[in-house]
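Participant: The structure's right below; bear with me while I get my questions together.
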Amino acid sequence: MVGRLSLFLVANRLLNVSAFSPGSLARLQSHLLFQSTQTTVRVGSRRLRFFSMMNGHAPQANGNVPRNVLGGPLQPCCVEPYKTGWYRDGFCNTDAMDFGVHTVCAVVTDEFLNFTRARGNDLSTPHPPSFPGLKAGDKWCLCAGRWKEAAEAGCAPFVLLEATHIKTLETVPLDMLQRFAAPSQ
């Protein structure tokens, strides 16, 4: 539900709520919050299509299930106690609005948390209610670019390859990810 609500809020910010008629805005919110897999809303002369979560995966425009870096179906990264991912559904899924490319499922370490804090992204401090703050051992969807930067600096956390989105390969080579594969893989 949080993922759908987040998508709804992103749509509001990007599209200017006043552009929606009250009926179409209510329809969009209803569909995104109550399990519809696809919603089309007319804004002026444009038709906008939104996809909501279905069985843990956000369908791609072609209807396919997202893939991981190994070519299989994307597996969940973390769902408890807080859900990670761009959609906050537990998966490191992505879309065109995810400019940070939050697609690397990693088991964070204190060393990585200190590294990213030193670069202006404090992942340790909680921001209730949606962000718990991370501690060593937590699984989280990280930005592909930041993960690669950490790998090059020698402090990248382990990666769960089956839960790392294939889009990561546009930023990080597979052999680099494999060198940091979590021991259970």
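Numbering-wise, the sequence shown is residues -19 to -1, 1 to 166 according to mature numbering (1 follows the signal peptide of the UniProt record, and there is no 0).
Just so it is clear, CB atoms sit at the ideal spot from N, CA and C, and this is done for glycine as well.
In this text, all values refer to a predicted model and were calculated from it rather than measured experimentally.
Thinking C-beta only, is residue 48 closer than 8 Å to residue 57?
Facilitator: no
Participant: By how many angstroms is the C-alpha of residue 107 removed from the C-alpha of residue 73?
Facilitator: 20 Å
Participant: Classify residue 112 as helix, strand or coil using the three-state DSSP reduction.
Facilitator: strand
Participant: Output needed for residue 96: all residues of its chain with C-beta closer than 6 Å, excluding positions within five of it in sequence on either side, in chain order.
Facilitator: Cβ neighbours of residue 96 beyond the five flanking positions: 131 and 136.
Participant: For residue 134 versus residue 149, is the C-beta distance shorter than 8 Å?
Facilitator: no
Participant: Going by beta carbon distance, what residues of the same chain come within less than 6 Å of residue 51, once the five residues before and after it are set aside?
Facilitator: 142
Participant: Could you tell me the alpha carbon to alpha carbon distance between residue 156 and residue 128, rounded to whole angstroms?
Facilitator: 14 Å
Participant: Pick helix, strand or coil for residue 123, following the three-state DSSP scheme.
Facilitator: strand
Participant: Between residue 161 and residue 45, what straight-line distance do the alpha-carbon atoms span, to the nearest angstrom?
Facilitator: 28 Å
Participant: Using DSSP with H/G/I as helix, E/B as strand and the rest coil, what is residue 149?
Facilitator: It is helical.
Participant: Could you tell me if residue 9 is buried or exposed, where buried requires 16 or more neighbouring beta carbons within 10 angstroms of its beta carbon?
Facilitator: With a pLDDT of 43 at residue 9, under the threshold of 50, the predicted position of this residue should be treated as unreliable, though the coordinate-derived value follows. Buried.
Participant: Using only the alpha-carbon positions, how far apart do residue 117 and residue 81 sit?
Facilitator: 22 Å
Participant: Helix, strand or coil: how does DSSP classify residue 172 here?
Facilitator: There is no way to answer for residue 172, as the model of the chain reaches only from -19 to 166.
Participant: Below 6 Å CB to CB, which residues in the same chain sit around residue 84 once its five sequence neighbours on both sides are set aside?
Facilitator: Correct list, in chain order: 73, 75, 125, 146, 148 and 149.
Participant: Would you kindly report the start and end of the unbroken alpha helix (DSSP H) that includes residue 159?
Facilitator: 155 to 160
Participant: List the residues that DSSP assigns as beta-bridge partners of residue 86.
Facilitator: 122
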